[in-house]
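As you go down the protein sequences, you meet chains L and B in turn.
Note that the first sequence covers residues 1 to 465 in UniProt numbering.
Note that the second sequence covers residues 1 to 465 in UniProt numbering.
There are 2 protein chains.
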Amino acid sequence: MDMSAARGVRERLVVIGGDAAGMSAASQARRLRDAGELEIVAFERGHFTSYSACGIPYWVGGDVAGPERLIARTAEEHRARDIDLRLRTEVTEIDVAGRRVRARDLDSGDESWTSYDKLVIATGARPIRPEMPGVDAPGVHGVQTLDDGQALLDTLARTGGRRAVVVGAGYIGVEMAEALINRGYEVTVVNRGSEPMSTLDPDMGRLVHEAMEGLGITMVDDTEVTKILTGDDGHVRAVATEDAEYPADVVVLGIGVRPETTLARAAGLPLGEHGGLLTDRAMRVRGHTDVYAGGDCVEVLDLVSGQERHVPLGTHANKHGQVIGTNVGGGYATFPGVVGTAVSKVCDLEIARTGLREKDARRAGLRYVTATIESTSRAGYYPGASPMTVKMLAELRTGRLLGVQIVGREGAGKRVDIAAVALTAGMTVEQMTSLDLGYAPPFSPVWDPVLVAARKASKAVHGVS
Amino acid sequence: MDMSAARGVRERLVVIGGDAAGMSAASQARRLRDAGELEIVAFERGHFTSYSACGIPYWVGGDVAGPERLIARTAEEHRARDIDLRLRTEVTEIDVAGRRVRARDLDSGDESWTSYDKLVIATGARPIRPEMPGVDAPGVHGVQTLDDGQALLDTLARTGGRRAVVVGAGYIGVEMAEALINRGYEVTVVNRGSEPMSTLDPDMGRLVHEAMEGLGITMVDDTEVTKILTGDDGHVRAVATEDAEYPADVVVLGIGVRPETTLARAAGLPLGEHGGLLTDRAMRVRGHTDVYAGGDCVEVLDLVSGQERHVPLGTHANKHGQVIGTNVGGGYATFPGVVGTAVSKVCDLEIARTGLREKDARRAGLRYVTATIESTSRAGYYPGASPMTVKMLAELRTGRLLGVQIVGREGAGKRVDIAAVALTAGMTVEQMTSLDLGYAPPFSPVWDPVLVAARKASKAVHGVS
């Protein structure tokens with residue numbers, strides 16, 4: 001009797017995409033099933049695996065020494081754990097019926113089919129690149145991959161200019177503004193929204209606008225970039241809008257990303273309205289028992305609105321990978337969904353949000369009240385106490401917490417976690433008023449800012465002032 | 001017809017104790033009922049009202065300029081809001097049947113009775129003062145009141161010594177150790193427990209011990225102070241234990257506090273096993289519709305163990321006052337209980353805890369697992385990422401979160417709030433593993449340390465490694 005038969009049939013797991021979701025899935029599956037039981041083949045079209053794309057702005061800004069610091073686990077480390085990782089190899093087709101994928105070696109051009117028993121699609125997201133003249137000119141950079149980061153740093157080193165324009169004022173945009181400030185650039189941020197950080201309500205976005213101007217950044221809101229102008233050398237020289245030109249030695253595009261689901265779409269797999277793959281809580285692609293998907297290429301359930309969202313964020317990708325790997329490995333795990341927590345900073349300005357904005361609440365058909373308060377990060381008398389603004393949304397009548405947005409300085413951002421847990425638990429703002437949060441003068445006023453907001457929101461729910 | 005009769009009978013609220021709980025109650029009642037409806041008389045035996053006792057160590061340490069910074073609202077401000085505040089007036093008897101209190105003017109010695117319709121007992125706590133020779137010598141200080149703080153500062157200024165001994169290693173003890181370090185003293189902390197911070201499990205207390213020694217503080221654990229030795233001038237010169245003498249120019253007692261319920265006991269009001277008043281969720285003293293109590297003189301329900309605890313903390317006192325004032329004012333509010341959250345620091349060491357320690361879980365008859373992990377405050381590659389240790393307790397089989405303890409540096413302490421909310425919501429550690437917490441490299445690793453602990457605890461619950 002064949003020994004491998006005695007162990008049961010050896011299965012093959014194929015992973016498409018070697019970053020957070022894909023390699024977390026592979027690693028966790030390997031932890032649970034050894035190479036005798038499960039063969040793992042992972043295809044990655046780039047040069048690197050398992051890196052923190054979220055860290056790129058800090059590498060560009062000089063806070064992180066080099067790209068190798070951003071790599072959580074190298075290709076060699078994965079291979080040492082019996083994962084057959086093939087870099088520079090792009091999957092070009094998924095044949096769901098035939099349970100196989102076709103992959104091309106980007107260096108040799110060779111293509112071949114690899115069959116699978118289980119498939120993980122972790123193809124990530126692709127940056128939105130506006131179609132406009134000059135967008136491909138030297139000096140115009142995205143910051144999605146380590147290669148992008150290196151190209152941008154090369155431009156900064158080569159051109160030695162002093163003026164930078166960032167297009168877009170979401171997380172990537174504001175983080176890149178900080179990076180370029182740290183590199184000594186005069187920074188202009190051009191943003192089509194009415195305020196920066198459209199993940200916040202405009203009233204809170206306004207605070208970000210003001211604080212960024214206070215940091216010396218020129219903020220141009222409500223403005224569409226129409227083209228990118230180049231000099232005689234072909235290199236970028238300015239960003240043009242309907243009304244003005246903004247001189248630029250370097251341009252960074254931070255407009256956002258979309259799910260990279262070209263392969264999945266061609267394979268007939270189910271996509272949602274944001275273009276991401278649709279999965280169940282076990283991260284199985286809907287209707288496909290043996291196909292999993294996770295990370296920036298999927299849509300996730302918003303536990304507050306009950307609607308699907310696209311939330312490209314490393315922390316979710318890692319959780320997805322963990323869940324997929326556990327399920328592939330024979331265990332059972334689920335990813336229930338998100339509440340939409342995000343935190344960012346621009347120099348010493350901290351920006352955080354969770355749950356629904358006003359427009360999300362309206363879109364979900366919810367009636368709500370809002371409460372906005374000002375407080376401080378520490379007891380007012382304690383050194384370093386810095387102001388913060390907290391806005392809270394609660395459902396009318398039930399008082400259920402719907403969302404929180406925070407703009408402040410040190411100590412503001414991570415306070416959003418209090419609201420993230422309360423949202424997950426379905427708490428009312430009234431219940432939140434008696435939360436037993438950590439208090440000591442160096443850490444909080446005697447009423448934590450989140451509690452102050454909850455008190456005000458609770459009064460608004462109950463119609464008392 | 002008399003106008004006051006037309007408005008109904010004007011009631012009188014009497015408040016005993018002019019600090020956080022008492023004056024919050026008075027202020028909130030006043031907000032809801034004006035002076036035509038409700039007369040408010042507040043008795044305070046000290047010179048000050050509404051001050052932050054928690055801030056005293058930072059005033060002594062020099063981080064806060066003067067005691068006036070610690071006063072949230074002065075006597076004049078209270079009086080301007082039609083609160084008849086009587087300082088230096090001590091209530092000496094509560095006559096519950098007669099609905100009146102007897103008070104003595106501490107300057108004139110005059111005593112008189114004041115009747116009440118509603119009574120608030122907010123008599124606070126008194127420091128434990130060990131009975132031992134020399135404990136009343138000049139140079140031996142408690143730090144419970146602003147007067148205590150001033151007396152200690154006077155001693156520091158007058159004696160100009162360089163050696164300080166702190167007796168006790170709880171919150172007050174460790175905070176005073178920091179204050180004296182900041183004043184340039186060589187500090188020794190003598191502590192009867194096996195480790196400092198007995199509000200933590202000993203394994204986590206050990207980390208505090210090591211970190212405090214790293215700060216240059218001499219830690220003497222497992223040691224009882226037997227007497228305080230004085231010099232020829234009568235001033236303290238050393239602290240003696242069974243085995244040794246520790247020279248001291250100043251001694252600070254930070255042994256803890258007990259509920260100040262002498263009056264309540266004499267009045268026959270119900271006290272719990274920790275000596276604190278027992279109330280319902282509306283903060284009414286049990287069995288007494290018109291008598292409320294709050295702050296450091298009451299016991300509170302521990303929502304995790306279901307047992308009563310004494311938790312003297314300004315944040316609870318303020319919440320109690322708010323609830324009492326709302327109820328006295330004709331509204332309805334409750335204080336459901338605590339989960340036992342506390343946070344503190346010694347220089348850059350942050351210490352936090354919430355929920356049950358191992359011994360609390362055993363006492364409550366719960367079977368539990370523990371998980372301890374090491375992680376960092378920020379992404380490992382981001383500047384300023386500092387190590388932290390998180391210990392988590394979960395109930396065996398159900399996986400319900402029971403408690404969390406954190407020891408680390410900047411960014412460690414307030415992470416305990418995540419667990420505080422999860423405890424309040426009755427979450428399991430498995431549910432916690434998918435919490436959507438704020439992530440960006442300057443704020444957290446891609447798996448927040450609390451999530452890493454939850455994952456490990458969840459595995460322990462399910463018996464997988």
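Note that the Cβ used here is the ideal one computed from N, Cα and C, for glycine as well.
If you reduce the DSSP assignment to three classes, tell me which class residue i lands in.
| i | result |
| --- | --- |
| Leu180/B | helix |
| Pro67/B | helix |
| Glu260/B | coil |
| Gly355/B | strand |
| Thr372/L | strand |
| Val450/B | helix |
| Gly105/B | It should be pointed out that residue 105/B corresponds to Asp in this sequence rather than to Gly. Strand. |
| Arg415/B | helix |
| Gly408/L | strand |
| His141/B | strand |
| Ala5/L | Since pLDDT at Ala5/L reaches only 43, below the 50 mark, its modelled position is unreliable, and the value read off the structure follows with that caveat. In this structure, Ala5/L counts as helix in the three-state DSSP scheme. |
| residue 468/L | Nothing about residue 468/L can be reported from this structure: the residues present for chain L run from 1 to 465 only. |
| Ala267/B | coil |
| Ser112/L | strand |
| Arg126/B | strand |
| Asp82/B | coil |
Compare the C-alpha of residue i against each of the options and name the closest.
| i | options | result |
| --- | --- | --- |
| Thr326/L | Ala26/L, Val14/L and Gly340/L | Ala26/L |
| Leu362/B | Gly193/B, Pro387/B, Asp201/B and Ile217/B | Sequence inspection shows Arg at residue 362/B; the Leu mentioned does not correspond to that position. Minimum Cα distance to Arg362/B is reached at Asp201/B. |
| Ala266/L | Ala248/L, Asp95/L, Glu210/L and Asp110/L | Asp95/L |
| Ile351/B | Gly22/L, Val323/L, Asn182/L and Ala440/L | Ala440/L |
| Gly314/B | His47/B, Thr433/B and Ala72/B | Ala72/B |
| Gly275/L | Asp249/L, Ala248/L and Glu308/L | Glu308/L |
| Gly234/B | Ala364/B, Met427/B, Pro133/B and Val311/B | Pro133/B |
| Gly139/B | Gly330/B, Arg237/B, Ser377/B and Ala457/B | Arg237/B |
| Asp348/B | Trp447/B, Gly408/B and Gly193/B | Gly408/B |
| Ile181/B | Leu85/B, Arg33/B, Pro312/B and Leu215/B | Leu215/B |
| Thr145/B | Gly330/B, Gly355/B, Ala169/B and Asp19/B | Asp19/B |
| Ala240/B | Asn191/B, Asp280/B and Thr262/B | Asn191/B |
| His86/B | Arg45/B, Leu366/B and Ser50/B | The identity of residue 86/B in the sequence shown is Arg, whereas the question assumes His. Closest option to Arg86/B, Cα to Cα, is Arg45/B. |
Establish whether the CB of residue i and some CB of chain B are separated by less than 8 Å.
| i | result |
| --- | --- |
| Ala5/L | In this predicted model, Ala5/L has a pLDDT of only 43, less than 50, meaning its place in the structure is not dependable; the value taken from the coordinates is given anyway. For Ala5/L, the answer is no, since every Cβ of chain B falls outside 8 Å of its Cβ. |
| Asp63/L | yes |
| Ala440/L | yes |
| Pro259/L | no |
| Leu301/L | no |
| Leu313/L | yes |
| Val452/L | no |
| Leu271/L | no |
Does the beta carbon of residue i sit closer than 8 Å to a beta carbon anywhere in chain L?
| i | result |
| --- | --- |
| Thr372/B | no |
| Ser434/B | yes |
| Tyr381/B | yes |
| Thr279/B | no |
| Leu70/B | yes |
| residue 467/B | Past the boundaries of the shown model lies residue 467/B; chain B is included only from 1 to 465, so the question cannot be answered. |
| residue 468/B | Given that chain B is displayed from residue 1 to residue 465, the structure contains no residue 468/B and the question cannot be resolved. |
| Leu437/B | yes |
Since residue i and residue j are thought to touch, with beta carbons under 8 Å apart, how far apart are those beta carbons, to the nearest angstrom?
| i | j | result |
| --- | --- | --- |
| Gly295/L | Ala317/L | 4 Å |
| Leu303/L | Val328/L | Between Val328/L and Leu303/L the Cβ distance is about 25 Å, and since that is not below 8 Å, they are no contact. |
| Glu39/B | Leu70/B | Not confirmed; about 29 Å, so no contact. |
| Ser386/L | Glu410/L | 6 Å |
| Ala177/L | Val346/L | 6 Å |
| Thr354/L | Gly403/L | 6 Å |
Query raised in the report: Looking at chain B, which residues of the segment 414-428 of chain L have a Cβ within less than 7 Å of any of its Cβ atoms?
Result: Listed by position, the residues of the segment 414-428 of chain L near chain B (Cβ gap below 7 Å) are Lys414, Val416, Asp417, Ile418, Ala420, Val421, Ala422, Thr424, Ala425 and Met427.
Query - Within 9 Å of chain B by C-beta, residues of the segment 41-67 of chain L in sequence order - result: Correct list: Ser52, Cys54, Gly55, Pro57, Tyr58, Trp59, Asp63, Val64 and Ala65.
Query raised in the report: Residues in the segment 234-249 of chain B with C-beta within 9 Å of chain L's C-beta atoms, listed in sequence order?
Result: Taking 9 Å as the Cβ-Cβ cut-off against chain L, none of the residues of the segment 234-249 of chain B qualify.
**Report entry** Near-chain B residues of the segment 388-410 of chain L - C-beta to any C-beta below 8 Å
**Finding:** Correct list: empty, as no residue qualifies.
Query raised in the report: For the segment 326-351 of chain B, which residues have a beta carbon sitting closer than 9 Å to at least one beta carbon of chain L?
Result: Hits within the stretch, in order: Gly331, Ala333, Thr334, Phe335, Pro336, Gly337, Val338, Val339, Gly340, Thr341, Ala342, Val343, Ser344, Lys345 and Glu350.
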